[in-house]
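Residue numbers (the working numbering): 624 to 1158.
Notes follow the structure.
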């Protein structure tokens, strides 16, 4: 009766029956609240809300376990020569798709080439395959295939990189480039077929679960165990992902036990509503910052950037957004990875020095500054943080003109080209300081080019490039990275905000729901529901 009553409470929002005709909760069923009505569940998008659940139905080349250990999956091994430029990848002979057919080297190479083709619009393929020889030609449409990927006579995959990369094996340990049965996914022109990933089109998958049905109009995706999964047998009987776009409704459903987990659910009262464990978790190699665009006035003046930074107490900034945690105030860019600088000199909170810096700038005082506009103020918590910054600037520096929007697209006309402050995260999905900084402060990173307005410091670039060619056991790899971060510090390009944690986003009765730095469920075959403790 308890389960029947629970089913009736949901009504039409997420009604899901098991094969026995009983409510889904009568079995080991994981019910997930998804925040957006998705029209594509392709595994080749490289991002978006759907990517959070990719590990449920697609097997990664390799993965990091909950202790951060690199673990084989589709690939049984990845080895390199002394140059770190030539790698050999071996496919596990047990790796098969849900129809029982083998996952082949042709599938792996074909998937990766498809991911890199511009029409696929994979959001992060450069993070994983960007150093493969020929990648740049494929990503701009000059070639269909990377010259650095080839299949050897014994069925192994040979990878030639354009530059040495001692952590290439770590980079491809991601569910965001999962091998698919490439003959299903590619059309005669080499482009991704539309809707090939739908169950009615006969898709075969490689992960522990397979799609049983997809109602994209209602936003309900149902998955069942893959009978041919080459890993451990899944413990869940079913996974149901239901679109619940309103976070307040999703919170209520979780409290009632009508949902078990959610995607990126953060509200101002989330801890009071669902408990600290829902949002808490282990440290994540990702930090939130407020970045300055030095190509836009007044950020073109380093003294203004100093003044703005020294007016903010970083501890108070983090508390303004999350007064009850679980996030901690940022002090440097690096966090969690080996190489965090224990002696890094954090930016001081110094109102008098801030006033002196503004007076030393070409603008002299707040009255001559243009309006300062923020973007990335996309949640109530980020808004609280941005409002704290604006108030500090007003009290200490006399700055009156500030404005904030969730995205740059929400500005119109000249304002869109005048935004000077971007709230955004940087991080890495591999435990490596060089990778972290290459993606955030190197001049070739999207963060430097876009958020920081073309930031480039030749010394920073040189240090990181030299570090990236050194083996993971070489102390200079970390030493050069730390030095690069200190050089970057002197350019005063950001206000430290907070470090992320790997939020569980699941209720206490969901067991073994650990996630990795890709926000993927690490071992979905081990997930279970503790029915006794579900409301």
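Glycine residues also receive a C-beta, built at the ideal position from the N, C-alpha and C atoms.
ask   = Where does residue 742 land, buried or exposed, given buried means 16+ other C-beta within 10 angstroms?
value = If you number the chain shown from 1, residue 742 lands on position 119. Exposed, because fewer than 16 other Cβ atoms sit within 10 Å of the Cβ of residue 742.
Counterpart residues of residue 906 in DSSP-defined beta bridges = As a position in the chain shown, residue 906 is number 283, starting the count at 1. Residue 906 is bridged to 1124.
inquiry  = Would the region 1128-1143 count as touching the region 1085-1098 if we require 3 or more Cβ pairs under 8 Å?
reply    = no
query = Excluding five sequence neighbours on each side, which residues of the same chain lie with their C-beta closer than 8 Å to the C-beta of residue 658?
reply = Against the chain shown, residue 658 aligns to sequence position 35. Only 672, 866, 867, 868, 870, 873, 885, 886, 887, 888 meet the Cβ criterion.
key: Extent of the continuous alpha helix (DSSP H) run through residue 581   = For residue 581 there is no data in the structure shown, the boundaries of the chain being 624 and 1158.
query = Applying the criterion that 16 or more other CB atoms from any shown protein chain within 10 Å of the CB defines a buried residue, is residue 895 buried or exposed?
reply = For this step, residue 895 is matched to residue 272 along the chain shown. So residue 895 counts as exposed.
ask   = Do you know how far the Cα of residue 933 is from the Cα of residue 970?
value = Counting from 1 along the chain shown, the entry for residue 970 is found at position 347. Counting from 1 along the chain shown, the entry for residue 933 is found at position 310. Going by the C-alpha atoms only, they are around 7 Å apart.
Segment contact, 8 Å Cβ cut-off, at least three pairs: the region 806-821 with the region 783-793 = no
key: Cβ-Cβ separation, residue 914 to residue 1047 (assumed contact under 8 Å), whole Å   = As a first step, residue 1047 is located in the chain shown; it is residue number 424 there, counting from the start. As a first step, residue 914 is located in the chain shown; it is residue number 291 there, counting from the start. Contact flag correct, Cβ pair sits at about 6 Å.
ask   = With contact counted as at least three CB pairs below 8 Å, one residue from each stretch, are the region 728-740 and the region 774-781 in contact?
value = yes
Residue from 716, 1028, 1024 with nearest C-alpha to residue 1007 = The residue labelled residue 1007 in the question sits at position 384 within the chain shown. For the residues 716, 1028, 1024, the minimum Cα distance to residue 1007 belongs to 1028.
Cα-Cα separation, residue 1077 to residue 744 = The residue labelled residue 1077 in the question sits at position 454 within the chain shown. The residue labelled residue 744 in the question sits at position 121 within the chain shown. Each residue's alpha carbon lies about 23 Å from the other.
key: Beta-ladder partner(s) of residue 1046, from DSSP   = Position 423 of the chain shown holds residue 1046. According to the DSSP secondary-structure assignment, residue 1046 is paired through a beta bridge with 913.
task = Report yes or no: do three or more beta-carbon pairs, one from the region 748-765 and one from the region 1013-1024, lie closer than 8 Å?
result = Under the 8 Å Cβ criterion, the region 748-765 does not count as touching the region 1013-1024, having fewer than three qualifying pairs.
ask   = In terms of DSSP beta bridges, what is residue 892 paired with?
value = Residue numbering aside, residue 892 sits at position 269 when the chain shown is read from its first letter. DSSP lists no partner for residue 892.
inquiry  = What does the Cβ neighbour count give for residue 799, buried or exposed, with the cut at 16 atoms within 10 Å?
reply    = As a first step, residue 799 is located in the chain shown; it is residue number 176 there, counting from the start. Looking at its Cβ environment, which holds 16 or more other Cβ atoms inside 10 Å, residue 799 is buried.
ask   = What is the C-beta distance between residue 862 and residue 653, in whole angstroms, given that I count them as a contact (C-beta under 8 Å)?
value = For the purposes of this step, residue 862 is taken as residue 239 along the chain shown, with counting starting at 1. For the purposes of this step, residue 653 is taken as residue 30 along the chain shown, with counting starting at 1. Their Cβ separation, rounded to whole angstroms, is 5 Å, which keeps residue 862 and residue 653 in contact under 8 Å.
ask   = Do residue 995 and residue 1043 have their C-beta atoms closer together than 7 Å?
value = By one-based count along the chain shown, residue 995 stands at place 372. By one-based count along the chain shown, residue 1043 stands at place 420. The answer is yes: Cβ separation under 7 Å.
key: Selected residue, minimal CA-CA separation from residue 1102, among 966, 972, 786, 762   = Along the chain shown, read from residue 1 onward, the residue named residue 1102 stands at position 479. Residue nearest to residue 1102 within the set 966, 972, 786, 762 is 966 (criterion: CA-CA distance).
task = Return the chain-ordered list of same chain residues with a C-beta closer than 7 Å to the C-beta of residue 818, the five sequence neighbours on each side being excluded.
result = Within the chain shown, residue 818 is the residue found at index 195, counting from 1. Cβ neighbours of residue 818 beyond the five flanking positions: 824.
inquiry  = I want to know whether the region 1055-1071 touches the region 1034-1042 - three or more CB-CB distances under 8 Å.
reply    = no
task = Mind the definition here: the region 714-723 touches the region 764-775 only if three or more C-beta pairs lie below 8 Å; say whether that holds.
result = No, because fewer than three Cβ pairs between the region 714-723 and the region 764-775 fall closer than 8 Å, the two stretches do not touch.
task = Could you tell me the distance, in whole angstroms, from the CA atom of residue 1155 to the CA atom of residue 1147?
result = For the purposes of this step, residue 1155 is taken as the residue at position 532 of the chain shown. For the purposes of this step, residue 1147 is taken as the residue at position 524 of the chain shown. Cα to Cα, the separation comes out at about 21 Å.
query = Would a C-beta distance cut-off of 7 Å place residue 859 and residue 651 closer than the cut-off?
reply = Taking the chain shown and counting its residues from 1, the one referred to as residue 859 is at position 236. Taking the chain shown and counting its residues from 1, the one referred to as residue 651 is at position 28. Yes, these two residues count as a Cβ contact at 7 Å.
query = How would you call residue 1158, buried or exposed, if buried means at least 16 neighbouring beta carbons within 10 angstroms?
reply = As a working note, residue 1158 is residue 535 in the chain shown. Classification for residue 1158: exposed.
query = When DSSP builds the beta bridges, which residues end up paired with residue 815?
reply = For this step, residue 815 is matched to residue 192 along the chain shown. DSSP output for residue 815 lists 809 as bridge partner(s).
ask   = Quick one: any contact between the region 1117-1124 and the region 1132-1140, if contact means 3 or more CB pairs under 8 Å?
value = no
inquiry  = Which residue wins for smallest C-alpha separation from residue 1145, given the options 655, 667, 686, 1095?
reply    = As a first step, residue 1145 must be located in the chain shown, where it is residue number 522. It is 686.
inquiry  = Restricting to Cα atoms, I'd like to know which of 875, 689, 850 is closest to residue 723.
reply    = On the chain shown, residue 723 is found 100 positions in, with the first residue counted as 1. Comparing C-alpha distances from residue 723 to each of 875, 689, 850 shows the shortest one belongs to 850.
message = For residue 666, which residues in the same chain have their Cβ closer than 7 Å to its Cβ, ignoring the five residues on either side in sequence?
response = The residue you call residue 666 lines up with position 43 of the chain shown. Correct list, in chain order: 677, 681, 801, 803, 820.
inquiry  = Quick check: residue 1104 and residue 904, are their CB atoms within less than 7 Å of each other?
reply    = Here residue 1104 is taken as the residue at index 481 of the chain shown, counted from 1. Here residue 904 is taken as the residue at index 281 of the chain shown, counted from 1. No.
message = Nearest by alpha-carbon distance to residue 735: which of 975, 797, 891 is it?
response = Taking the first residue of the chain shown as 1, we reach residue 735 at position 112. Comparing Cα-Cα distances from residue 735 to each of 975, 797, 891, the minimum goes to 797.
query = Cβ of residue 1121 within 7 Å of Cβ of residue 911?
reply = The sequence position of residue 1121 within the chain shown is 498, counting from 1. The sequence position of residue 911 within the chain shown is 288, counting from 1. Yes, the pair counts as a contact, with Cβ atoms nearer than the cut-off.
request  = Determine the contact status of residue 721 and residue 827, defining contact as a CB-CB distance below 7 Å.
outcome  = Within the chain shown, numbered from 1, the residue matching residue 721 stands at position 98. Within the chain shown, numbered from 1, the residue matching residue 827 stands at position 204. Residue 827 sits close to residue 721, with the two beta carbons spaced by under 7 Å.
message = For the beta strand (DSSP E) containing residue 849, name the first residue and the last one.
response = To locate residue 849, count along the chain shown from 1; it is residue 226. Element bounds for residue 849: n/a, residue is neither H nor E.
key: Burial state of residue 1137 (16 or more Cβ within 10 Å)   = To locate residue 1137, count along the chain shown from 1; it is residue 514. Result: buried.
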